[in-house]
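Peer 1:
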Amino acid sequence: MRALYLLGDELDQRIFSSVADIDTYKQAEKVWVVELQRYHKYWYDLVVNPNEVADYFDTRKLIVDYLRGVKKQVEENLEKRFVYFICSRTKIRFNTGKKTTYNPITKKVKIHVLIGKEKIRKSITCKFYDIHENKFCRPKVDMSEKYITITDSSGDLTTTSIHDFLEDANVFLGIDSKVEYVGYTKNPHTRPTNGSHTGLSDVLYKIADENHDALIYFNVFKVSTRAISQNSMINFMIANAMTDEVDVEFEGSLLEKCFIFYFDSVSQSRNKEKELIELKKALHKISVENNINSIHISYEFEKTNEYGIFSSSKVSPKIGHIFTIRKTGEDVEITSGSEIFESVV
């Protein structure tokens, strides 16, 4: 069997669009293969309390400007929709009542944190590398409950939130991000970031118990169509963004529905019946019009860290989430795992 792999967003889209019109491709049995391409997360507290670091330091503006830049960067390649997760995560704060300590042998700095409403005490260790002196060092460390500021040997300051710091330091504390709401947007810097969002309001109300933080993850996916032609013995593997076989808006909406019903969060039950009808219609549409009969999804960060462990009220915490969605008769079948991704491993 010959394999024709047409991947790579940098190639001329017109070439790929013409492939989608070839009868051999159109008549072939197809599946969608969906993988996480990139993600961006932020702590919603930085939006609602933008001046906690300093009066001259507006974290909300920084986040909005950053997300606006992300959107521009994505659209400079190919237009995409962002599928976002609004997550709750066990509250964690720096323990400002305990000083950091330094081990000159291991070059590790010990930092103390408080977890949850009960303020369970734990400590973490990490190493700091001074690029000016080209060695591991003991930097000057200043902390508030939510922020840490590192001063290097040249006097340069780096301030980061506790969640960004823990992710960057790759610290594991046994905490996961619980998916409470799934949505999609073209404009991540406005929706749900501007706060005018029913799903976000519901989640914030639910977790307003001083035990959780709200984190928002924006995800961009690579959607590829895998086509197998039994007659010509040719395999195709083409990014949907290159062929535009399925409209980008429809693609984003369909991926949103797939994740809504995979995580099946209790917090997102308000419009479930309507969304299920829409999912069934969407699966029927791509089956009839494009001969795409199943969707295989893998959601996992390229670099493993604790902020990439997701759960929901129905799904247990996992580093990687692999599942398959297909329409069976009048129903939708969601199964854990995928023969597509299992064959790759």
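The working numbering numbers the first residue of the sequence shown as 435 and each following residue consecutively.
Glycine included, every Cβ here is placed at the ideal spot set by N, Cα and C.
How is D681 classed by DSSP in three states: helix, strand or coil?
Peer 2: Reduced to three states, the DSSP call for D681 is coil.
Peer 1: Please name the residue, chosen from E509, N645, K569 and F735, that lies closest to K551 on a Cα-to-Cα basis.
Peer 2: When each option's Cα is compared against that of K551, the closest is N645.
Peer 1: For V543, tell me which candidate among I558, N739 and K553 has the shortest Cα-Cα distance.
Peer 2: Comparing Cα-Cα distances from V543 to each of I558, N739 and K553, the minimum goes to I558.
Peer 1: Could you tell me whether the segment 721 to 738 touches the segment 698 to 713, using the rule of 3 or more Cβ pairs below 8 Å?
Peer 2: No, the segment 721 to 738 does not touch the segment 698 to 713.
Peer 1: Would you mind working out which of E513, E509, V482 and E510 sits nearest V433, comparing C-alpha positions?
Peer 2: Because residue 433 is not part of the residues shown, which for the chain are 435 to 779, the question remains open.
Peer 1: Identify the continuous beta strand (DSSP E) that holds V614 and give its terminal residues.
Peer 2: Checking the sequence shown, residue 614 turns out to be Glu, not Val. Element bounds for E614: S611 to T619.
Peer 1: What residue range does the alpha helix (DSSP H) around L713 cover?
Peer 2: Counting along the chain, the alpha helix (DSSP H) containing L713 begins and ends at K706 to N724.
Peer 1: Mapping DSSP to helix, strand and coil, what is V605?
Peer 2: Residue state, collapsed to three classes: coil.
Peer 1: My understanding is that V508 touches V657, with C-beta atoms under 8 Å, so please give their C-beta distance in whole angstroms.
Peer 2: About 14 Å separates the two Cβ atoms, so there is no contact after all.
Peer 1: Label Y459 either buried or exposed according to how many other C-beta atoms from any shown protein chain fall within 10 Å of its C-beta, with 16 as the threshold for buried.
Peer 2: The residue is buried, with at least 16 neighbouring Cβ atoms inside 10 Å.
Peer 1: Contact between the segment 511 to 530 and the segment 614 to 625: three or more CB pairs below 8 Å?
Peer 2: Touching, yes, given that three or more Cβ pairs across the two stretches are closer than 8 Å.
Peer 1: Using only CA atoms, which one of T619, I650 and N621 lies nearest to L634?
Peer 2: It is I650 whose Cα lies nearest to the Cα of L634.
Peer 1: Determine the contact status of L480 and S578, defining contact as a CB-CB distance below 8 Å.
Peer 2: No, Cβ-Cβ distance for L480 and S578 is not below 8 Å.
Peer 1: On the three-state DSSP scale, how would you describe Y651?
Peer 2: Note: Y651 maps to strand in three-state DSSP.
Peer 1: Return the Cβ separation of N783 and L548 in integer angstroms, given the expectation that the two are a contact with Cβ distance under 8 Å.
Peer 2: Look at the range of the chain in this structure, 435 to 779, and you will see that residue 783 is not part of it.
Peer 1: Under a Cβ-count criterion, where at least 16 other Cβ atoms within 10 Å of its own Cβ denotes burial, should Y478 be classed as buried or exposed?
Peer 2: By the neighbour-count rule (16 or more Cβ atoms within 10 Å), Y478 is buried.
Peer 1: Could you check what DSSP says for V498 in three-state terms: helix, strand or coil?
Peer 2: Residue state, collapsed to three classes: helix.
Peer 1: Is the CB-CB distance between V487 and T592 below 8 Å?
Peer 2: No; because the gap between Cβ atoms is not below 8 Å, this pair is not in contact.
Peer 1: Does DSSP classify L638 as helix, strand or coil?
Peer 2: Looking at L638 - three-state DSSP - the assignment turns out to be helix.
Peer 1: Can you name the residues that DSSP bridges to V504?
Peer 2: DSSP lists no partner for V504.
Peer 1: Using only alpha-carbon positions, find the residue among H623, V680 and L688 that is nearest to T493.
Peer 2: When only C-alpha atoms are compared, the closest one is H623.
Peer 1: Return the Cβ separation of I768 and F695 in integer angstroms, given the expectation that the two are a contact with Cβ distance under 8 Å.
Peer 2: Contact flag correct, Cβ pair sits at about 6 Å.
Peer 1: Less than 8 Å separating the beta-carbons of H718 and K761?
Peer 2: Taking 8 Å as the Cβ cut-off, H718 and K761 qualify as a contacting pair.
Peer 1: Using the Cβ count rule (16 or more neighbours within 10 Å means buried), how would you classify L441?
Peer 2: In this predicted model, L441 has a pLDDT of only 47, less than 50, meaning its place in the structure is not dependable; the value taken from the coordinates is given anyway. By the 10 Å Cβ count, L441 comes out exposed.
Peer 1: Thinking C-alpha only, which one of D610, E567, A603 and K574 is nearest C560?
Peer 2: For the residues D610, E567, A603 and K574, the minimum Cα distance to C560 belongs to A603.
Peer 1: Put Y563 into one of helix, strand or coil per three-state DSSP.
Peer 2: Looking at Y563 - three-state DSSP - the assignment turns out to be strand.
Peer 1: Is the beta carbon of K525 less than 8 Å from the beta carbon of D698?
Peer 2: No.
Peer 1: May I ask you to report which of helix, strand or coil DSSP gives T540?
Peer 2: If DSSP states are grouped into helix, strand and coil, T540 belongs with coil.
Peer 1: Assuming V766 contacts K706 under a Cβ cut-off of 8 Å, what Cβ separation, rounded to an integer in Å, is found between them?
Peer 2: At roughly 12 Å, the Cβ-Cβ gap does not stay under 8 Å, so V766 and K706 are not in contact.
Peer 1: Mark I774 as exposed unless 16 or more other C-beta atoms lie within 10 angstroms of its C-beta, in which case mark it buried.
Peer 2: Counting Cβ neighbours within 10 Å, I774 comes out buried, since at least 16 surround it.
Peer 1: Would you report the Cα separation of K691 and Y639, rounded to the nearest angstrom?
Peer 2: Each residue's alpha carbon lies about 23 Å from the other.
Peer 1: Report, in whole angstroms, the separation of the C-beta atoms of V504 and R660, which I expect to be a contact under 8 Å.
Peer 2: Actually they are not in contact, since the Cβ atoms of V504 and R660 sit about 28 Å apart, beyond 8 Å.
Peer 1: Here's the rule: buried if 16 or more other CB atoms are within 10 angstroms of the residue's CB, otherwise exposed. What is R515?
Peer 2: The residue is buried, with at least 16 neighbouring Cβ atoms inside 10 Å.
Peer 1: Tell me whether Y478 sits in a helix, a strand or coil according to DSSP, three-state version.
Peer 2: In this structure, Y478 counts as coil in the three-state DSSP scheme.
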